[in-house]
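Colleague: Residue numbers (my numbering): 2 to 369. Think of the CB as a built atom: it goes at the ideal place given N, C-alpha and C, for glycine as much as any other residue.
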Ligand SMILES: Nc1ncnc2c1ncn2[C@@H]1O[C@H](COP(=O)(O)OP(=O)(O)OP(=O)(O)O)[C@@H](O)[C@H]1O
Ligand SMILES: [Mg+2]
């Protein structure tokens, strides 16, 4: 992205928001005839929502609740029935739709690749529109295909029908990223990718997003994907009603409504393990040891007879580690406790009780 675009985004966003939904409603179908009320409830009813600059805002909610409709109104694939949508300070209805779609990348649910164009032609769609030269376009396409894990030599010349569903989705993601748009709308972008590939893509995508500072609105059914990828999660119910809009940990630890609790569901504790991080306050006073203390004389009384090896840095449990990694280490080492490191020194020991304590703390902090 050019510096120009960055500046534009910052100014337009007023430092506060990049996209603003202001009392937006959408009813599909004809306007109700005189004297006859439209029976159908609005797909989106009176939605007000800000997407902040450079954040990943994830919309999650049941099928048919209006997630795709909400996204599609932001780039005018669907026109709102009432209300306003502002992009970088500008009413989107005043922006030419073609111009708008150059500024907003879009990953479509069920991909929507052009069937008669090859993978490379699909990814090159927007660069072509923008008049990039052949060389620059080809370089960018190759770079993006690599990024999404599709070797250009193998995939560039294929047609969409020669790809698996997950591969098609990855082409869709590459296409949307082609010109580093400042805003990206993503509708179930990783839905058809297998779990391992999906985690890899989520991870890669998060890295690119941070690097480019892209403002992202992403739709998913998958609460785990939502809490992993989001800076903030909006849980929606029918009519795109916002049940809760909060940081992932707050959503998981403190569901605001029964609908959110339902969504977070039985895996709630497991999800907190993935989101919560080990803090010095979780280590009980008895576990805290001075740096350089005799490694054999643990005050926990659990490991005195045990052989203590100095673990490889990659295996160390550090302050700030995800709780799930602390638990992994406890299981892996088969010990009652594992050393907790802060840089080069051991600052304490974590036991299963430590993890429980951290979970309780995280769950209470969620209330704040
Ligand atoms: N083009 C359309 N014409 C008429 N009704 C539509 C149209 N598109 C969507 N709807 C209706 O609007 C509501 C919201 O649809 P939308 O596609 O936004 O849901 P969604 O949350 O994206 O669902 P999913 O998770 O299944 O993709 C649904 O009741 C749907 O049937
Ligand atoms: Mg949808």
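Throw me the rounded Cβ distance for the residue 215 and residue 59 pair, which I believe falls under 8 Å.
Modeller: Along the chain shown, read from residue 1 onward, the residue named residue 215 stands at position 214. Along the chain shown, read from residue 1 onward, the residue named residue 59 stands at position 58. That belief does not hold up - the Cβ atoms of residue 215 and residue 59 are roughly 14 Å apart, past 8 Å.
Colleague: Is it true that the CB of residue 73 sits closer than 9 Å to the CB of residue 18?
Modeller: As a position in the chain shown, residue 18 is number 17, starting the count at 1. As a position in the chain shown, residue 73 is number 72, starting the count at 1. Their beta carbons are not under 9 Å apart, which means residue 18 does not touch residue 73 by this criterion.
Colleague: Using only the alpha-carbon positions, how far apart do residue 340 and residue 351 sit?
Modeller: Looking up residue 340 in the chain shown gives position 339. Looking up residue 351 in the chain shown gives position 350. Their Cα atoms are separated by approximately 6 Å.
Colleague: In three-state terms, what does DSSP make of residue 107?
Modeller: Mapped onto the chain shown, residue 107 falls at position 106. Residue 107 falls in the strand class under three-state DSSP.
Colleague: Anyone know if the C-beta pair for residue 182 and residue 172 falls short of 9 Å?
Modeller: Counting from 1 along the chain shown, the entry for residue 182 is found at position 181. Counting from 1 along the chain shown, the entry for residue 172 is found at position 171. Not closer than 9 Å, so no.
Colleague: Going by DSSP in three states, residue 238 sits in which element: helix, strand or coil?
Modeller: Residue 238 sits at position 237 when you count from the first residue of the chain shown. Strand at residue 238.
Colleague: Note the first and the last residue of the continuous alpha helix (DSSP H) segment covering residue 44.
Modeller: If you number the chain shown from 1, residue 44 lands on position 43. Segment: none, residue 44 is in no alpha helix (DSSP H) and carries neither H nor E.
Colleague: For residue 349, write down the residues that DSSP places opposite it in a beta bridge.
Modeller: By one-based count along the chain shown, residue 349 stands at place 348. Beta-bridge pairing links residue 349 to 341.
Colleague: If you measure from the beta carbon of residue 205 to each beta carbon in chain C, is any gap under 9 Å?
Modeller: Of the protein chains in the structure, only one exists, and it is not chain C.
Colleague: Buried or exposed for residue 196, going by 16 or more other Cβ atoms inside 10 Å?
Modeller: Sequence index remark: in the chain shown, residue 196 carries index 195 (1-based). So residue 196 counts as exposed.
Colleague: Could you give the C-beta distance for residue 108 and residue 121, rounded to a whole number, given that I count them as a contact under 8 Å?
Modeller: Taking the chain shown and counting its residues from 1, one reaches residue 108 at position 107. Taking the chain shown and counting its residues from 1, one reaches residue 121 at position 120. That belief does not hold up - the Cβ atoms of residue 108 and residue 121 are roughly 18 Å apart, past 8 Å.
Colleague: I'd like the ranges of any alpha helix (DSSP H) spanning at least 4 consecutive residues and lying wholly in the segment 102–179.
Modeller: Runs of the alpha helix (DSSP H) inside the segment 102–179: 120–124, 126–130, 135–148, 153–156, 166–178.
Colleague: Hey, would you say the C-beta of residue 188 is under 8 Å away from at least one heavy atom of ligand 2?
Modeller: Position 187 of the chain shown, counted from the first residue, corresponds to residue 188. Flag set: Cβ of residue 188 near ligand 2.
Colleague: I'd like to check one pair, residue 321 with residue 280: are the Cβ atoms closer than 9 Å?
Modeller: By 1-based counting over the chain shown, the position of residue 280 is 279. By 1-based counting over the chain shown, the position of residue 321 is 320. Yes.
Colleague: Whose C-beta lies closer than 7 Å to the C-beta of residue 57 among residues of the same chain, with five residues either side of it excluded?
Modeller: The count along the chain shown starts at 1 and reaches residue 57 at position 56. These residues qualify, in order along the chain: 210, 217, 219, 230, 231, 232.
Colleague: To the nearest angstrom, how far is it from the Cα of residue 113 to the Cα of residue 100?
Modeller: For the purposes of this step, residue 113 is taken as the residue at position 112 of the chain shown. For the purposes of this step, residue 100 is taken as the residue at position 99 of the chain shown. Their backbone Cα atoms lie some 20 Å apart in a straight line.
Colleague: Are the CB atoms of residue 246 and residue 253 nearer to each other than 9 Å?
Modeller: Position 245 of the chain shown holds residue 246. Position 252 of the chain shown holds residue 253. Not a contact, by the Cβ cut-off of 9 Å.
Colleague: Starting from residue 21, trace the beta strand (DSSP E) both ways and give me its first and last residue.
Modeller: Along the chain shown, read from residue 1 onward, the residue named residue 21 stands at position 20. 20–27 is the span of the beta strand (DSSP E), which, as asked, contains residue 21.
Colleague: List the endpoints of the continuous beta strand (DSSP E) containing residue 185.
Modeller: Looking up residue 185 in the chain shown gives position 184. Unbroken beta strand (DSSP E) run through residue 185: 184–188.
Colleague: Note down the Cα distance separating residue 14 from residue 87, rounded to an integer number of angstroms.
Modeller: As a working note, residue 14 is residue 13 in the chain shown. As a working note, residue 87 is residue 86 in the chain shown. Note that residue 14 has pLDDT 40, beneath the 50 cutoff, so the model's placement of it is unreliable and the number below is only indicative. Their Cα atoms are separated by approximately 9 Å.
Colleague: Cα separation between residue 244 and residue 261?
Modeller: Residue mapping note: residue 244 aligns to position 243 of the chain shown, counting from 1. Residue mapping note: residue 261 aligns to position 260 of the chain shown, counting from 1. Approximately 7 Å between the Cα atoms of the pair.
Colleague: Would residue 46 and residue 241 be called neighbours here (beta carbons separated by less than 9 Å)?
Modeller: In the chain shown, the residue the question calls residue 46 occupies position 45. In the chain shown, the residue the question calls residue 241 occupies position 240. Yes, Cβ-Cβ distance for residue 46 and residue 241 is below 9 Å.
Colleague: So if I measure from each beta-carbon to every heavy atom of ligand 1 and keep distances below 5 Å, which residues remain?
Modeller: Those residues are 29, 44, 64, 65, 66, 67, 68, 69, 70, given in chain order.
Colleague: Helix, strand or coil for residue 89? Go by DSSP, reduced to three states.
Modeller: Sequence index remark: in the chain shown, residue 89 carries index 88 (1-based). Note: residue 89 maps to coil in three-state DSSP.
Colleague: Give the DSSP-derived three-state secondary structure of residue 78 in the structure shown.
Modeller: Locating residue 78 in the chain shown gives position 77, where the first residue counts as 1. In this structure, residue 78 counts as coil in the three-state DSSP scheme.
Colleague: With distances taken from CA atoms, which of 145, 131, 21 is nearest residue 94?
Modeller: Start at 1 with the first residue of the chain shown, and residue 94 comes out as number 93. Among 145, 131, 21, the Cα nearest to that of residue 94 belongs to 21.
Colleague: To which residues does DSSP link residue 247 through a beta bridge?
Modeller: Against the chain shown, residue 247 aligns to sequence position 246. Note: residue 247 sits in a beta bridge opposite 234.
Colleague: Considering only the alpha carbon of each residue, which of 249, 282, 192, 98 lies closest to residue 275?
Modeller: Your numbering for residue 275 matches position 274 in the chain shown. With distances taken between Cα atoms, residue 275 lies closest to 249.
Colleague: At a cut-off of 8 Å, would you count residue 220 as near ligand 2, judging by its Cβ distance to the nearest heavy atom?
Modeller: On the chain shown, residue 220 is found 219 positions in, with the first residue counted as 1. Yes, ligand 2 has a heavy atom inside 8 Å of this Cβ.
Colleague: Could you give the distance in angstroms between the alpha-carbon of residue 115 and the alpha-carbon of residue 156?
Modeller: Locating residue 115 in the chain shown gives position 114, counting from the first residue. Locating residue 156 in the chain shown gives position 155, counting from the first residue. Looking at the two C-alpha atoms, the distance is approximately 15 Å.
Colleague: Which residues bound the beta strand (DSSP E) around residue 61?
Modeller: To locate residue 61, count along the chain shown from 1; it is residue 60. 57–61 is the span of the beta strand (DSSP E), which, as asked, contains residue 61.
Colleague: Reducing DSSP to helix, strand and coil, say where residue 11 ends up.
Modeller: As a first step, residue 11 is located in the chain shown; it is residue number 10 there, counting from the start. With a pLDDT of 41 at residue 11, under the threshold of 50, the predicted position of this residue should be treated as unreliable, though the coordinate-derived value follows. Of the three classes helix, strand and coil, the one that applies to residue 11 here is helix, per DSSP.
Colleague: Mapping DSSP to helix, strand and coil, what is residue 67?
Modeller: Here residue 67 corresponds to residue number 66 of the chain shown, with the count starting at 1. Note: residue 67 maps to coil in three-state DSSP.
Colleague: Excluding sequence positions up to five away, which residues of its chain have a Cβ less than 7 Å from the Cβ of residue 293?
Modeller: Reading the chain shown from its first residue, position 292 is the one you call residue 293. Caution is warranted here: a pLDDT of 44 is assigned to residue 293, below 50, making its placement in the model unreliable, and the coordinate value is therefore given only provisionally. No residues qualify anywhere along the chain.
Colleague: Can you tell me whether residue 149 sits near ligand 3, meaning its C-beta is under 8 Å from at least one heavy atom of the ligand?
Modeller: No copy of ligand 3 occurs in the structure displayed; its ligands are ligand 1 and ligand 2 alone.
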